[in-house]
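So the sequences go chain by chain: A and B.
So that you can map any letter, position 136 of the first sequence is 136 in the numbering used here, and since no number is skipped, the others follow by simple counting.
If you want the numbering used here, it's the position in the second sequence, counting the first as 1, plus 1000.
Virtual Cβ for every residue (Gly too), placed ideally from N, Cα, C.
Notes for the one structure printed next.
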Amino acid sequence: MQKTVSLTVNGKPASATVEGRTLLVQLLREMLGLTGTHVGCDTSQCGACVVHVDGEAVKACTLLAVQAEGRNVLTIEGVADGDTLHPMQEAFRDNHALQCGFCTPGMVMSALDLVKNNPDPSEREIREYLEGNLCRCTGYHNIVLAIKAGADAMRGAAPAASAAE
Amino acid sequence: MPSIGTPVRRREDYRFLTGQGTYTDDINRPGQLHAYILRSPHANARLGGIDTKEAASAPGVVAIFTGADMAADGIGGLPCGWLINSKDGSAMKEPPHPVLAVERVRHVGDPVAVVIAESLSEARDAAEKINIAYSVEPAVVDVAAAVRPGAPQVWTEAPGNICYDWHLGDGAAVDAAFAKAAKIVKLDLVNNRLIANAMEPRAAIGEFNRATGEHTLYTTSQNPHVIRLLMGAFVLHIPEARLRVVAPDVGGGFGSKIFHYAEEAIVTWAAPKVRRPVKWTAERSESFMSDAHGRDHVTHVELALDANAKFLALKVSTLANMGAYLSTFATCVPTYLYGTLLAGTYTTPAIYVETKAVFTNTVPVDAYRGAGRPEATFLVERIVDLAADELGLDPAELRRRNFIPANAFPYQTPVALQYDSGDYQTTLQMAEEAAGYAGFEARRQEAARRGKLRGIGIATYIEACGIAPSAVVGSLGARAGLFESAEVRVHPTGSVSVLTGSHSHGQGHETTFAQLVSDGLGIPVEQIEIVHGDTAKIPYGMGTYGSRSIAVGGSAIVKAMDKVVAKGKKIAAHLLEASEADIEFKDGNFSVAGTDRSKSLGEVALTAYVPHNFPHDELEPGLDETAFYDPKNFTFPSGAHIAEVEIDPDTGHLTIVNFTASDDFGRIINPMIVAGQVHGGLAQGIGQALLEGCVYDKATGQLLTGSYNDYAMPRAEDLPDFALSTHVTLCTHNPLGVKGCGEAGAIGAPAAIANAVVDALKGLGVRHVEMPATPEKLWRLIHQHQPRAAAE
């Protein structure tokens, strides 16, 4: 069974013909060429595919493409303002919160979701919130610092010292 | 201002943060087909007929291949890169490793057939229609069970499932030392089986250009040239000149992406057959049963001490699981990367180790972050702690009493290695101060008042990195050299491309190597491009593993820069009409000593490429130099890690209260990146100690930990903030004085955590805890040792 799905991705209209079993992450990666959203597992554990659907963080491997009909999807490709990184992306860079980069898009999308609901999260709250995102490189230490710094920057607070200093 | 030593922000981050990285699965070739690999559901079975008729006519299917098809095409087996000889001088048993199974499957996940179709879902659907007559036989997965009489035999050519029975050290000297010992401490321990779990699953795309005859393989590899060599020479018989291997952005490796895997050969071989590119990407559950696993040792260790608690001798006997086939580097891990590390940081004068490598019906076991060195460190540091406990000594004091003194380098150990530098006293002292070691007893008592069991654990470690001097490893059985290459190409207007044989899959080489070149050639980082991961671009390379990139790859870059500067001086001397001996190179300028006459690197480069006024009699045009660097010795990073934990006796729940690491990596190029490497290593070491364990069902050989639902990966909540510090003793034999930092955390952390856990429980009479020390295991231990409390 094939069906055409129409949705908004990163502010632009998009559509594709999908099978009933096609996942949102496959639609994004394979049909729309948005390969920044990654697939790291097949049990919805790793969080490398987190995107925002109508403003909510969603693992794009848990949603069928047809369920995205008419929805508004934001992927990592739509986070920066042109060539200028979003403050959360900048905080990840400044705090060395990424190494191989594979989990990074999902981490950034989750971090943005956390900060939207909790603009000034504590270290404990950040660690708890990240239970759905796996990273094998960083030991999370710098990701936690980065999300804190990114949240501060988004609130307009003075930036905390970064990991390197 | 020099760039070396400063936390330059990573140049690779922009593309990763904006979703513009190019990982293998992000690549799609025009007209590509998709491969699905049908794998054995059985641990040990004879393969009867494989009926592909129905599958072949399923929608979208282009081709189905089996092991018989590859055998008919003369395709070779996957090779092992290191020959180990047994005690008796006989060569290890090296059974064949077919790309697709023939006659028999030997582990769950063993590839049996490949279905190639227009889409992955069509390939997967068709694979369900393949009928295979398996004749299931008993399997053995446990390394100790595999060596018992009557165990199922994985290979008829390896009786008793023994691949080799190797030893190192002076057994007679060890026996003599034990005979006169004042104290002997004994321990049986397990080093738990792990799965590397890089977040990017493995993937491979094979492509064949009929017009040029060139094969291309895009793959998730830590060492594309090694894959080209192994696959071209041993498996597919493709001349290297017609085989290009590209390892683009790679999402973590940790060792698991060193090895040459079947899927790489399958897609490369199949592409010309189906006349279209063929892409394969592992599902995570497929990774669990096809990526090489790590560790899996069962060990008995004994330490002999004299009346002053000085170590006299160490005796170690290990069973090491190889899995069903020998993976690329499997055989050297429990031998030359393990036995040689058993002196640790200590002056133990006599050491004897024997390792039996054992075949089982499991996925092949090979190098995983640390590879042999975490296993060595774990047993040394556990037995030292146990000795301290039995002697009533402070574990830090016992270590200090036995450390190799800082003034004793170079230090020859009794297990082949010569350490060039180190200062174990200082790193331990730094860690003790940072961890508040002296004040621990008060914290233990305070925790006890809250009903909690608190413990502190030290581990010191040494590792052999910068792998490796080719002549040395060659004499030990390596079938390859382990040098590195670099090309420093100065372009006509002075920007520089560095082509390195090292491969970055998270380590940040594009930044660290650019810092090296920035200082070496006196040009800004922005003028430097680091190129890696493509055999069509880079002259040669041995890749990244064993914390070798800066020590070996970085040294090759320095050597190539030295050649650039040497040639540049000749060109500058000609331009400045001065003697070459008077030319100095500093901050990007060639100048005549004692004068203000100078030419910039850019001016010299332009002269080299537009050689109108050029010393043609003496020099060739161009400014592009290649160097190969073969290390003179291993490098020896070292350090001390201290863990402090608190356990809730009612639930077995453990909290890491504090983790301190003081490391000596030699000169540090980018402290921010080094700290990140330590963090990640510690997380994996803590994962091994507390969470991770690969479990097979002993009766059926089924993989029980086959997904992230079952295999406990460390999550943010499981880990503490890390307190890091570094102390520098320079490596004495490479030009940068660097030692490497990638594996240290994974090497030191397991023993530090295990020692802390045992320390927390020692009041109950617990003398050892096996990893992973899960809440269930801790709860059972606590309640076994407290029968009345459990009955309440």
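Residues near residue i in its chain [Cβ-Cβ closer than 6 Å; skip 5 each side]
i	result
residue 1510(B)	1011, 1012 and 1530
residue 163(A)	Note that residue 163(A) scores 47 on pLDDT, short of 50, meaning its location in the model is unreliable and no value can be drawn from it.
residue 1488(B)	1498, 1560, 1561, 1564 and 1625
residue 952(B)	No information on residue 952(B) is available, as it lies outside the stretch 1001 to 1792 that chain B covers here.
residue 1547(B)	1465, 1740, 1742 and 1743
residue 1551(B)	1466, 1635, 1734, 1738 and 1740
residue 6(A)	15
residue 103(A)	48 and 135
residue 40(A)	46 and 48
residue 1132(B)	1050
residue 1146(B)	1140, 1161, 1358 and 1360
Bridge partners - residue i, DSSP secondary structure assignment
i	result
residue 1175(B)	Beta-bridge pairing links residue 1175(B) to no other residue.
residue 1314(B)	1303(B) and 1351(B)
residue 1166(B)	1355(B)
residue 1624(B)	1489(B)
residue 1403(B)	1346(B)
residue 1039(B)	1111(B)
residue 1779(B)	In the DSSP output, where bridge partners are listed per residue, residue 1779(B) has none listed.
Minimum Cβ-Cβ distance from residue i to chain A less than 9 Å
i	result
residue 1782(B)	no
residue 1682(B)	yes
residue 1073(B)	no
residue 1198(B)	yes
residue 1009(B)	yes
residue 1250(B)	yes
residue 1321(B)	no
residue 1263(B)	no
residue 1672(B)	yes
residue 1137(B)	no
residue 1705(B)	no
residue 1254(B)	yes
residue 1370(B)	no
residue 1026(B)	yes
residue 1719(B)	yes
residue 1121(B)	yes
Contact set for residue i: own chain, Cβ-Cβ below 7 Å, skip 5 residues either direction
i	result
residue 1655(B)	1645 and 1646
residue 1704(B)	1695, 1696, 1697 and 1710
residue 1725(B)	1430, 1434 and 1662
residue 1333(B)	1366, 1367, 1371 and 1372
Cβ shell of residue i (< 8 Å), same chain only, five flanking positions each side left out
i	result
residue 127(A)	140 and 144
residue 1537(B)	1499 and 1531
residue 1791(B)	At residue 1791(B), the pLDDT of 40 sits below 50, so the modelled position is not reliable; the number obtained from the coordinates is stated separately. Result list for residue 1791(B): empty, nothing under 8 Å.
residue 123(A)	144 and 148
residue 1713(B)	1197, 1687, 1691 and 1692
Cutoff 9 Å: residue i Cβ touching any chain B Cβ
i	result
residue 87(A)	no
residue 157(A)	no
residue 113(A)	no
residue 52(A)	no
residue 42(A)	yes
residue 73(A)	no
residue 37(A)	yes
residue 163(A)	Only weak support exists for where residue 163(A) lies, its pLDDT of 47 falling under 50; the coordinates are left without a value.
residue 133(A)	yes
residue 9(A)	no
residue 34(A)	yes
Within-9 Å CB hit, residue i to chain E
i	result
residue 1018(B)	Chain labels in this structure do not include chain E; the protein chains are A and B.
Residue i: CB within 8 Å of a non-hydrogen atom of the ligand NAP
i	result
residue 61(A)	This structure lacks the ligand NAP, and indeed carries no ligand of any kind.
Those runs of the alpha helix (DSSP H) which lie wholly inside the segment 1207-1278 of chain B and span at least 4 residues:
1224-1230 and 1262-1274
By the 7 Å beta-carbon criterion, what residues does the segment 1721-1744 of chain B contribute toward chain A?
1721 and 1722
In chain order, which beta strand (DSSP E) runs of at least 3 residues are fully inside the segment 1124-1162 of chain B?
1131-1136
Any residues in the segment 90-116 of chain A with a beta carbon nearer than 8 Å to a beta carbon of chain B? Which ones, in chain order?
92, 93, 94, 96, 98, 99, 100, 101, 102, 103, 104, 105 and 108
For the segment 1697-1751 of chain B, which segments carrying the beta strand (DSSP E) assignment without a break, of at least 3 residues, lie completely within its bounds, in sequence order?
1722-1726
In chain order, what residues of the segment 1506-1530 of chain B put their CB closer than 8 Å to some CB of chain A?
Within the segment 1506-1530 of chain B, the residues whose Cβ lies closer than 8 Å to some Cβ of chain A are 1506, 1507 and 1508, listed in chain order.
By the 7 Å beta-carbon criterion, what residues does the segment 1273-1298 of chain B contribute toward chain A?
1283, 1284 and 1285
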